[in-house]
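Chains as they are written, first to last, in the numbering used here: chain A, 1 to 245; chain P, 246 to 490. Please read the structure below before turning to the comments.
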DNA sequence: GACAAATTCAAACATGTGTTTGAAACTGTT
DNA sequence: AACAGTTTCAAACACATGTTTGAATTTGTC
């Protein structure tokens, strides 16, 4: 079903070759489409957008070269769909539910960090997700810029809220922003610089248990400062650190 | 001078066309070589290795297409030389001198952070340096891997020493490593995710003054935890935070 | 000034790319 | 069974890429 009329984006040129009707919505395999998206994700992540060839993608998907043109108009359309699908499957679900829970803000922060790092371990989200994101982070394409606005910005602003809440400052305060970047930076290092880190610290393995320890460390590391600058309550004695030492 | 015999790396194939002597070390322009390296850096940073074309590089350098082949054997050789030159001009000089100073380790840490972030502001190192590094960070090429071992690893290990010194743990302790990553992550966020950050926080400008404030924040943020877990001295009262609030 | 080496140049080469084509194979409906 | 709409396919197209060539030009030295 669906097929080419899906290209609602500012296309302009002619859609397909012959007739572009789709009234009866007849049955269609749709399987090649899926295989193409899956294969494309891997190849784009491995080689990067430019170096990835539609031929290799189609070969891995067991499809004909013309398939990408038929299903996604062209290479760019395929890439855009890969990104769009990533946004849907993104592991931000865990972060969102963590942010929605009712708990002390400090505990919420810990859970958000955990949720984010969990997504990095093993192959929970197909591991190529982060390799694509890593590429886009340093050199965003237009397709990614749109995604940022749609999925990343809301999360970012909720993080600002959360941290502002912890240190007792408004979300748009510069200090709040700097603290948010400090937390995000610690997390992103593992997402963006994974390969380099593994090279520097050969013993590092991204197992779920290890990611959990790392998440706890980042939470402890961050909360030390966030609590320190919080006005009013002066060094809450009961728990001076947090959990694991 | 120099010329093709510079290709000492595991080449194998024939070096150039005709004679490969260079005894008299005759005069040579060497200017095209420089122009090529400069132009290549920009183009590689803008487009990425794959998407960058030798034709655009040569056009920007005002040189003939065959020049890259003559001076650097091929595209890969040119890229390797760009990376090698970057290693030389890298702004790690400031970090090194900061690490060599004799001062309390906490103060050294602050200076190291400052030195690193200073390099990011404005256009001190040609701004394309970081765009290339950002690409290589997530998807390292063999050429980069060699550079990591030569320049990044030594610095990384001195950072481990320094932070281990602050928290009173050996450099190869896991906690020391995690803390080092926490500091590095905060710094690298600005180097690696610059474009995205600017998009999220439109007001952010990378002026030297701003980078200085950010550096101070990162130092304060990090030292809060590093001091907290340091054994023995329990919360040195005199200065509870550090400098700027 | 003459010679040889180093360097540049315009042109071509070989290859791989994204894309298109027109026909064949498939699908569900009448 | 016949049909219209869909999906697939092998082949080709148009083009841009990295690289090479052989001659021209420059450069330094005797």
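Each residue gets a CB set at the ideal place from its N, CA and C atoms; glycine is no exception.
Taking CB atoms only, residue 164 (chain A) has no neighbour in chain P less than 9 angstroms away. Across the stretch 103 to 129 of chain A, no CB contact with chain P closer than 7 angstroms is found for any residue. Look at residue 426 (chain P) here: in three-state DSSP terms it is helix. Within 9 angstroms of the CB of residue 398 (chain P), the CB atoms of chain A belong to 199, 200, in sequence order along the chain. Counted as a single uninterrupted DSSP element, the alpha helix (DSSP H) harbouring residue 39 (chain A) occupies residues 31 to 47. Close CB contacts of residue 282 (chain P) within its chain, under the 7 angstroms cut and outside five residues either way in sequence, are with 326, 327, 330 (chain order). Within a 10 Å sphere around the beta-carbon of residue 202 (chain A) sit fewer than 16 other beta-carbons, which makes this residue exposed. Look at the beta carbons and you see the stretch 92 to 100 of chain A touching the stretch 145 to 160 of chain A: at least three pairs across the two are nearer than 8 angstroms.
Contact check for residue 40 (chain A) and residue 57 (chain A): beta-carbon distance about 5 angstroms, within the 8 angstroms limit, so the pair qualifies. Against chain P, the CB of residue 168 (chain A) has no partner CB under 9 angstroms away; the residue lies outside that interface.
Going by beta carbons, residue 453 (chain P) and residue 363 (chain P) fall inside the 9 angstroms limit. By the Cβ criterion, the stretch 430 to 437 of chain P is not in contact with the stretch 145 to 153 of chain A, since fewer than three pairs of Cβ atoms, one from each stretch, lie closer than 8 angstroms. Contact with chain A is found for residue 432 (chain P), since one of that chain's Cβ atoms lies less than 9 angstroms from the residue's Cβ. Going by C-alpha positions, residue 64 (chain A) is about 40 angstroms away from residue 442 (chain P). Residue 172 (chain A): not part of any alpha helix (DSSP H); DSSP gives it neither H nor E. Where residue 59 (chain A) is concerned, the enclosing alpha helix (DSSP H) starts and stops at 54 to 61. Annotation for residue 94 (chain A): 115 place their beta carbon closer than 6 angstroms to its own, counting only its chain and skipping 5 residues before and after. Separation of residue 48 (chain A) and residue 292 (chain P) (C-alpha to C-alpha, rounded to the nearest whole angstrom) is 11 angstroms.
Secondary structure at residue 127 (chain A): coil, using DSSP grouped into helix, strand and coil.
Judged by DSSP in its simplified three-state form, residue 318 (chain P) adopts coil rather than helix or strand. In chain order, 166, 223 place their CB closer than 7 angstroms to the CB of residue 106 (chain A), counting only its own chain and leaving out the 5 sequence neighbours on each side. Below the 8 angstroms Cβ cutoff, chain A contributes 48, 131, 134, 135, 195 as neighbours of residue 384 (chain P), in chain order.
According to the DSSP assignment, residue 357 (chain P) belongs to the alpha helix (DSSP H) that extends over 350 to 363. One alpha carbon belongs to residue 440 (chain P), the other to residue 135 (chain A), and they sit about 12 angstroms apart. Relative to residue 324 (chain P), the option among P:389, P:311, P:437, P:464 whose CA is nearest is P:389.
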